[in-house]
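> Handing you a structure now.
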Amino acid sequence: MWFGFKKQNDTQNTQQVQQFPAYRHKAAHQQGGLNLSFGEENSETQKVAASVFKQLSGKLITGNFGSLMQISKPIAMSLDMSFLHGVALGHTFGNLLERCSQLSPMEQIKYISAYQISGLHCNGEITKMKSPLDPLVGETIQLVKEDGTQFFAEQTSFDPPICFYYIQGNNYKIYGDDRLEISVHKTVNSLTGVQNGRQTIIFNNGAVYKCTQRPTMEITGLVMGDRLLNWQGKMVIEGPGVKSVITFNYNAEGMMSKITSFFKSQEQAKNFDIVEIDIFEVQTDENGNKTETLIQQGIGSWLEGLLFGEEKLWQIDEEKKPWISPLEVLESDTTKRDDLLFMKSQKMEDAQKAKLQLEEQNFKDMDNRRKKQ
Numbered sequence: 005m006w007f008g009f010k011k012q013n014d015t016q017n018t019q020q021v022q023q024f025p026a027y028r029h030k031a032a033h034q035q036g037g038l039n040l041s042f043g044e045e046n047s048e049t050q051k052v053a054a055s056v057f058k059q060l061s062g063k064l065i066t067g068n069f070g071s072l073m074q075i076s077k078p079i080a081m082s083l084d085m086s087f088l089h090g091v092a093l094g095h096t097f098g099n100l101l102e103r104c105s106q107l108s109p110m111e112q113i114k115y116i117s118a119y120q121i122s123g124l125h126c127n128g129e130i131t132k133m134k135s136p137l138d139p140l141v142g143e144t145i146q147l148v149k150e151d152g153t154q155f156f157a158e159q160t161s162f163d164p165p166i167c168f169y170y171i172q173g174n175n176y177k178i179y180g181d182d183r184l185e186i187s188v189h190k191t192v193n194s195l196t197g198v199q200n201g202r203q204t205i206i207f208n209n210g211a212v213y214k215c216t217q218r219p220t221m222e223i224t225g226l227v228m229g230d231r232l233l234n235w236q237g238k239m240v241i242e243g244p245g246v247k248s249v250i251t252f253n254y255n256a257e258g259m260m261s262k263i264t265s266f267f268k269s270q271e272q273a274k275n276f277d278i279v280e281i282d283i284f285e286v287q288t289d290e291n292g293n294k295t296e297t298l299i300q301q302g303i304g305s306w307l308e309g310l311l312f313g314e315e316k317l318w319q320i321d322e323e324k325k326p327w328i329s330p331l332e333v334l335e336s337d338t339t340k341r342d343d344l345l346f347m348k349s350q351k352m353e354d355a356q357k358a359k360l361q362l363e364e365q366n367f368k369d370m371d372n373r374r375k376k377q
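Each residue of the sequence shown is one higher than the one before, counting from 5 in our numbering.
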């Protein structure tokens with residue numbers, strides 16, 4: 005755990021403890037990442053999933069495997085929620101943005117960085133060993149929070165899954181697209197999800213920030229072992245005269261000494277859900293050339309929290325304000341899907357039949373759209 009580290013006071017002979025609560029997500033794996041197989045209730049689901057992925061192994065070896073989205077998953081592998089709902093879960097901690105409207109760009113981008121990190125565990129902790137229902141092109145979703153924040157989204161592509169969304173907060177708005185390209189490793193025991201979507205955040209004071217690069221999701225243990233969710237790579241956010249570069253997973257040689265020096269422990273440094281944030285001041289000359297100067301650094305974990313010096317911006321145990329469906333929604337809203345309604349009523353056989361019917365109709369609709377283009 006990276007909270008609660010000790011800081012040596014050189015002016016005194018005593019050791020002064022910098023006190024931060026040592027919170028870590030209950031499903032965090034001891035070697036890093038979110039343990040999706042946390043809890044015994046998922047054992048049967050893992051058996052079903054393992055059977056499906058083993059069936060893919062022959063196709064991967066022969067090169068006949070196309071996309072994971074083209075494989076119909078049993079209802080036992082699915083959760084009673086859609087891909088669109090999963091996108092909304094990544095935007096759970098909107099309270100971090102509400103306070104930003106009157107702050108300086110340097111402070112705003114710190115809270116935006118915390119906002120981006122804070123949502124990375126929210127989908128996995130709910131889906132665990134399962135996955136959302138496969139998306140249907142044209143389905144929509146509308147969600148609200150008790151503070152009035154609204155979320156709207158529409159699914160525009162099935163493979164790869166692409167949706168466009170809009171969030172209206174009290175002091176900010178966000179719009180963007182979520183694009184996830186999933187590939188299964190040839191061992192069939194892991195997959196990666198490359199995120200290529202764009203995102204724009206606009207505060208009420210007119211400040212505009214763009215997320216231009218997003219990290220890659222990795223899930224291991226599809227067939228055997230603990231099923232772990234982790235994040236790799238970088239996230240880049242750019243705003244008015246500032247830039248944030250968020251680096252995930254310090255498993256590269258050369259970075260480890262830096263981590264160990266901060267955490268004072270080689271064991272703590274082995275937690276690969278650590279993130280480091282570099283905040284730059286960006287100046288542009290008259291010829292359009294940009295100069296970036298490192299101003300501040302933050303460090304933390306997407307399963308624990310985030311610190312900039314002694315300033316704590318976010319912590320994993322902060323209350324989550326849930327997204328809820330309003331009373332009136334469009335007929336295309338994902339909450340009106342037949343398979344989802346049957347699942348909520350615990351009618352799994354009916355849900356499986358409805359799921360197959362919706363998938364068949366979805367492929368027909370996509371084929372008709374292609375013919376009309």
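Each residue gets a CB set at the ideal place from its N, CA and C atoms; glycine is no exception. This one's a predicted model, so the numbers in the text were calculated from it and none came from an experiment.
Under a three-way DSSP split, which group does P164 fall into?
Along the sequence shown, read from residue 1 onward, the residue named residue 164 stands at position 160. If DSSP states are grouped into helix, strand and coil, P164 belongs with coil.
> Within this structure, are the beta carbons of L195 and I223 separated by less than 8 Å?
Here the question's residue 195 lines up with position 191 in the sequence shown. Here the question's residue 223 lines up with position 219 in the sequence shown. Going by C-beta atoms, L195 is nearer than 8 Å to I223.
> Determine contact between the segment 208 to 222 and the segment 91 to 102, defined as no fewer than three beta-carbon pairs at a distance below 8 Å.
no
> Please report the distance separating the alpha-carbon of A157 from that of L147.
Walking along the sequence shown from the start, residue 157 turns up at place 153. Walking along the sequence shown from the start, residue 147 turns up at place 143. Each residue's Cα considered, the two are about 9 Å apart.
> Could you round the C-beta distance between A32 and L307 to whole angstroms and report it? I think they count as a contact, below 8 Å.
Taking the first residue of the sequence shown as 1, we reach residue 32 at position 28. Taking the first residue of the sequence shown as 1, we reach residue 307 at position 303. Contact holds; Cβ gap of about 4 Å.
> Looking at the strands, I want to know which residues DSSP matches up with G302.
Within the sequence shown, the letter at position 298 stands for residue 302. Note: G302 sits in a beta bridge opposite I281.
> Hey, quick one: how far does the beta strand (DSSP E) through V212 stretch, first residue to last?
Here residue 212 refers to the residue found at position 208 when the sequence shown is read from its first residue. Per DSSP, V212 belongs to the beta strand (DSSP E) from V212 to Q217.
> Distance, Cα to Cα, G4 vs P109?
Residue 4 lies beyond the range of the chain shown here (5 to 377); nothing can be said about it.
> Look at the Cβ atom of G128, then the Cβ atom of L226, and state whether they are nearer than 8 Å.
Within the sequence shown, numbered from 1, the residue matching residue 128 stands at position 124. Within the sequence shown, numbered from 1, the residue matching residue 226 stands at position 222. Their beta carbons are not under 8 Å apart, which means G128 does not touch L226 by this criterion.
> Buried or exposed for F367, going by 16 or more other Cβ atoms inside 10 Å?
One-based indexing of the sequence shown puts residue 367 at position 363. Answer is exposed; the Cβ neighbour count stays below 16.
> According to DSSP, is F346 part of a helix, a strand, or is it coil?
Taking the sequence shown and counting its residues from 1, one reaches residue 346 at position 342. Helix.
> Among residues of its own chain, excluding the 5 on either side of L38, which ones have a beta-carbon nearer than 8 Å to its beta-carbon?
Residue mapping note: residue 38 aligns to position 34 of the sequence shown, counting from 1. Result list for L38: H29, A31, A32, H125, G128, E129, L232, L233, N234, D277 and L307, in chain order.
> Quick check on DSSP: helix, strand or coil for F276?
One-based indexing of the sequence shown puts residue 276 at position 272. Reduced to three states, the DSSP call for F276 is coil.
> How about N175 and D151: are their beta carbons less than 8 Å apart?
Residue 175 sits at position 171 when you count from the first residue of the sequence shown. Residue 151 sits at position 147 when you count from the first residue of the sequence shown. No, the Cβ-Cβ distance between N175 and D151 is not below 8 Å.
> Where does R183 sit, in a helix, a strand or coil, going by DSSP?
Numbered from 1 along the sequence shown, position 179 holds the residue referred to as residue 183. Note: R183 maps to strand in three-state DSSP.
> Can you name, in chain order, every residue of its own chain whose Cβ lies under 8 Å from the Cβ of L360, other than the five neighbours on each side?
One-based indexing of the sequence shown puts residue 360 at position 356. Taken in chain order, the residues that qualify are S76.
> Distance check for M228 and G43, CA to CA, integer angstroms please.
The residue you call residue 43 lines up with position 39 of the sequence shown. The residue you call residue 228 lines up with position 224 of the sequence shown. G43 and M228: Cα-Cα distance of roughly 16 Å.
> Using three-state DSSP, classify G90 as helix, strand or coil.
Within the sequence shown, numbered from 1, the residue matching residue 90 stands at position 86. Residue state, collapsed to three classes: helix.
> So G128 is in the alpha helix (DSSP H); what residue range does that whole segment cover?
Counted from its first residue, the sequence shown places residue 128 at position 124. Per DSSP, G128 belongs to the alpha helix (DSSP H) from G128 to T131.
> Output the boundary residues of the alpha helix (DSSP H) element that contains K375.
Locating residue 375 in the sequence shown gives position 371, counting from the first residue. From DSSP, the alpha helix (DSSP H) with K375 extends over M352 to K376.
> Provide the residue span of the beta strand (DSSP E) that contains M239, from first to last.
Counted from its first residue, the sequence shown places residue 239 at position 235. Annotation: the continuous beta strand (DSSP E) that includes M239 extends over L232 to G243.
> L107: which of V212, D369 and D342 sits nearest, CA to CA?
Along the sequence shown, one-based indexing puts residue 107 at 103. Closest by alpha carbon: V212.
> By how many angstroms is the C-alpha of D289 removed from the C-alpha of I145?
Looking up residue 145 in the sequence shown gives position 141. Looking up residue 289 in the sequence shown gives position 285. Spanning the alpha carbons of I145 and D289 requires a straight line of approximately 44 Å.
> Out of curiosity, what's the CA-to-CA distance linking N291 and G243?
The residue given as residue 291 occupies position 287 in the sequence shown. The residue given as residue 243 occupies position 239 in the sequence shown. Approximately 19 Å, taken between the alpha carbons.
> Within 10 angstroms of the Cβ of M99, are there 16 or more other Cβ atoms? Answer buried if so, exposed if not.
Counting from one through the sequence shown, the residue named residue 99 turns up at place 95. Strictly speaking, residue 99 in this sequence is Asn, with Met absent from that position. Flag for N99 reads buried.
> Taking DSSP as the reference, what is the three-state secondary structure of A31?
Locating residue 31 in the sequence shown gives position 27, counting from the first residue. It is coil, neither helix nor strand.
> Can you name, in chain order, every residue of its own chain whose Cβ lies under 6 Å from the Cβ of Q356, other than the five neighbours on each side?
On the sequence shown, residue 356 is found 352 positions in, with the first residue counted as 1. A distance below 6 Å between beta-carbons, with the five flanking residues on each side excluded, links Q356 to the following residues of its chain, in chain order: I79.
> Please list the terminal residues of the continuous alpha helix (DSSP H) segment that includes I116.
As a working mapping, residue 116 is identified with position 112 in the sequence shown. Its alpha helix (DSSP H) spans residues P109 to S122.
> Using the beta-carbon count (16 or more within 10 Å), is A273 buried or exposed?
Within the sequence shown, residue 273 is the residue found at index 269, counting from 1. Confidence at A273 is low in this model, with a pLDDT of 45, below 50, so the placement of that residue should be treated as unreliable; the coordinate-derived value is given next. Flag for A273 reads buried.
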